[in-house]
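These protein sequences, in sequence, are chains A and B. Whatever position you read off the first sequence (first residue = 1), add 11 for the working numbering. Whatever position you read off the second sequence (first residue = 1), add 6 for the working numbering. Worksheet for the structure shown next.
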Amino acid sequence: MNLERLPNEEKLSLCRKYYLDVKRSALGLLLWTAVLTTWITIFQHFRAEWGEVGDYLSFTIPLGIP
Amino acid sequence: MNASDTDEDSYNERTALVPSENPEVQSYSPDADHTPPDSTPSKKPQVTRRAGPAAADGVGGGGGGSSDQEADAEDEELTLKYGAKHVIMLFIPVTLCMVVVVATIKSVSFYSEKTDQRLIYTPFSENTSSVGRRLLNSVLNTIIMISVIVVMTILLVVLYKYRCYRFIQGWLILSSLMLLFWFSFMYLGEVFKTYNLAVDYPTVGVIIWNFGAVGMICIHWKGPLQLQQAYLILISALMALVFIKYLPEWSAWVILGAISVYDLVAVLSPKGPLRMLVETAQERNEPIFPALIYSSAMMWTVGMASPMDAQRSGQETDEEADQRSQGAEPEIRPSRSFPEDDLEEDRGVKLGLGDFIFYSVLVGKAAATGGDWNTTLACFVAILIGLCLTLLLLAIFKRALPALPISIAFGLVFYFSTDFLVQPFMDNLAAHQFYI
């Protein structure tokens with residue numbers, strides 16, 4: 012399939028389809044940013060207080076006093 | 007850590023393709039007399055052997071007899087211009103890879119810590135009492151490593167010759183999976199430990215999953231060219247870091263030297279495995295696997311919207327060029343003519359990933375052991391000069407060339423001379439406050 016060969020209407024419909032995907036992707040990005048930011052804030056704040064659970068969830072545990 | 011076979015496989019197949027500069031580059035400056043038999047001579051420097059058949063009845067007919075004097079002079083100029091452009095196109099990724107490796111070495115101490123763990127391919131320890139014994143051990147390590155590489159290369163070529171494409175693809179996918187997920191996981195862990203951050207498993211999982219999945223798609227399927235290039239640079243850097251960490255000191259230097267010699271032999275000698283690989287790929291008009299080669303221009307034109315970067319492959323039957331020159335053109339014909347405004351097309355130059363890896367290993371080792379910026383910088387400059395010379399030779403000889411020997415030779419010379427001669431000199435000057 013060559014882009015220049017398509018008639019204009021098909022190009023337009025292709026554009027529309029891809030744009031929809033781009034919009035959904037942007038929505039997904041927003042959602043994930045929100046979720047991750049919330050989770051990371053919660054984790055960093057309460058990690059020390061959660062004790063064992065906090066350690067269990069941690070990939071790297073920093074040295075020193077929290 | 008004892009690396010598993012897949013780790014070594016990935017290293018090997020990248021080394022296997024170490025020297026292949028795609029011979030299509032020979033299209034740079036065609037003299038009509040020197041065009042290969044199955045292509046049509048053409049005035050346009052971008053017409054390659056592969057696109058030859060596609061251009062069969064096009065410009066070829068008109069351009070065939072026109073190997074004029076002025077065409078030659080024009081071609082010379084274009085060669086130089088494109089040659090310089092391609093040198094820059096390769097400088098940037100090589101530099102980026104080395105910068106990533108050196109930055110990691112300098113900041114994350116994990117990769118420059120002395121460890122007694124070794125890869126299973128270098129079983130002899132370098133913690134011996136005498137210098138002679140240490141030298142012997144490093145030579146033995148090198149022999150083992152090089153034999154493994156040779157065996158793997160030959161295996162790869164044999165598989166390719168007998169068209170076991172599925173097997174090769176599976177092998178490549180497995181090794182890039184390992185690199186993209188496991189090594190980057192380790193790398194991320196070390197970076198977080200260095201900066202003393204607390205990170206939780208879910209976050210790490212999300213990061214690694216995204217990085218790895220997008221990487222697999224970009225490298226083995228389709229993706230934006232720059233993203234693919236970025237991923238190839240990153241995995242080369244990761245691989246180089248693994249080598250820097252797990253290869254013992256002296257063995258690393260001897261291995262670098264030995265692999266340059268192997269590279270030279272494998273690519274230039276008539277029965278060399280790499281040469282056979284490149285020639286077989288050419289005969290079959292197929293691109294060599296994208297997971298092994300860094301390409302500075304696009305390979306596929308299907309579905310790609312940028313005509314400027316499109317490579318005219320012999321298998322491509324749709325030609326936008328034709329569209330441009332002839333207006334609406336519904337049917338698809340195998341032969342196309344190349345219009346005059348094709349001059350912007352750029353096929354780019356290809357460099358094997360193994361080259362990236364070993365250049366970075368050299369510079370990284372210089373940064374790790376010397377600990378000193380003079381040496382690192384000297385090695386960096388040496389490698390770039392070597393790369394320049396290699397590309398120059400490529401433009402002259404127009405065939406696949408090994409990219410390792412010249413650069414590594416310069417790099418080694420510069421490393422040892424800077425480390426043993428220039429550095430003490432500068433230290434003394436500084437100590438005695440003597441300015442020259």
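We put the CB at the ideal spot given by N, CA and C, even for glycine.
- Contact check for cysteine 103(B) against phenylalanine 362(B) passes: the beta carbons are separated by less than 8 Å.
- For leucine 96(B), the three-state secondary structure derived from DSSP is helix.
- A straight line joining the alpha-carbon of serine 242(B) with that of tyrosine 168(B) spans about 28 Å.
- Taken atom to atom, the span from the alpha-carbon of threonine 48(A) to that of methionine 282(B) is near 53 Å.
- What threonine 71(A) touches in chain B, judged by beta-carbon distance under 7 Å, is Gly195, Phe198, Lys199, Leu203, Ala204, Val205, going in chain order.
- By the rule that beta-carbons nearer than 8 Å mark a contact, threonine 209(B) touches chain A.
- Nearest CB-CB separation between valine 212(B) and chain A: below the 8 Å threshold.
- Counting only Cβ-Cβ distances below 8 Å, isoleucine 76(A) has no contacts in chain B at all, with the closest Cβ about 12 Å away.
- Taking a contact as a CB-CB distance under 8 Å, the pair leucine 162(B) and isoleucine 174(B) counts as one, their CB atoms being some 7 Å apart.
- Note on tyrosine 268(B): 16 or more other CB atoms within 10 angstroms of its CB, so buried under the neighbour-count rule.
- For leucine 41(A), none of the residues of chain B pass the 8 Å Cβ criterion, the least Cβ distance being about 15 Å.
- In this structure, the beta-carbon distance from asparagine 147(B) to threonine 128(B) falls below 8 Å.
- The alpha-carbon of leucine 298(B) is positioned some 19 Å away from that of threonine 396(B).
- When DSSP assignments are scanned along the segment 226-313 of chain B, the uninterrupted stretches of beta strand (DSSP E) that are 3 or more residues long and fall wholly within it turn out to be 299-301.
- Taking 8 Å as the CB threshold, phenylalanine 57(A) stays off the interface with chain B.
- Residue contact with chain B for leucine 38(A): absent (no Cβ-Cβ distance below 8 Å to any residue of chain B).
- In terms of Cα proximity to isoleucine 250(B), the closest of Val369(B), Met158(B), Met222(B) is Val369(B).
- In this model, tryptophan 227(B) and isoleucine 179(B) are separated by some 11 Å (Cα to Cα).
- Per DSSP, the continuous alpha helix (DSSP H) segment holding leucine 161(B) begins and ends at 137-167.
- A residue is called buried when at least 16 other Cβ atoms come within 10 angstroms of its Cβ; cysteine 224(B) meets this threshold and is buried.
- Looking at the backbone, the Cα of leucine 96(B) and that of leucine 390(B) are separated by about 9 Å.
- Classified as exposed, glutamate 60(A) has fewer than 16 neighbouring CB atoms from the shown chains inside 10 Å of its CB.
- Runs of the alpha helix (DSSP H) spanning 4 or more residues and lying entirely within the segment 367-417 of chain B occur at 379-403, in chain order.
- In this structure, serine 131(B) lies away from threonine 200(B), with their beta-carbon atoms at least 8 Å apart.
- Contact with chain B is absent for tryptophan 61(A), since none of that chain's Cβ atoms lies less than 8 Å from the residue's Cβ.
- Taking C-beta atoms as the reference points, phenylalanine 364(B) and isoleucine 294(B) fail to come closer than 8 Å.
- In the DSSP assignment, threonine 71(A) is bridged to Val205(B).
- By the C-beta criterion, the segment 401-421 of chain B is judged to be in contact with the segment 380-390 of chain B, since at least 3 inter-stretch pairs fall below 8 Å.
- At a C-beta separation below 8 Å, leucine 47(A) has these neighbours in chain B: Thr209, Val212.
- Here isoleucine 261(B) is buried, its C-beta having at least 16 other C-beta atoms within 10 Å.
- Rounded to whole angstroms, the gap between the alpha carbons of aspartate 433(B) and proline 279(B) is 47 Å.
- Straight through space, the alpha carbons of arginine 35(A) and asparagine 19(A) are spaced by roughly 24 Å.
- Note on histidine 92(B): 16 or more other CB atoms within 10 angstroms of its CB, so buried under the neighbour-count rule.
- In this structure, the alpha-carbon of isoleucine 214(B) lies about 37 Å from that of arginine 290(B).
- Phenylalanine 54(A) sits close to aspartate 206(B), with the two beta carbons spaced by under 8 Å.
- Rounded to the nearest whole angstrom, the CA to CA distance from alanine 406(B) to proline 73(A) is 50 Å.
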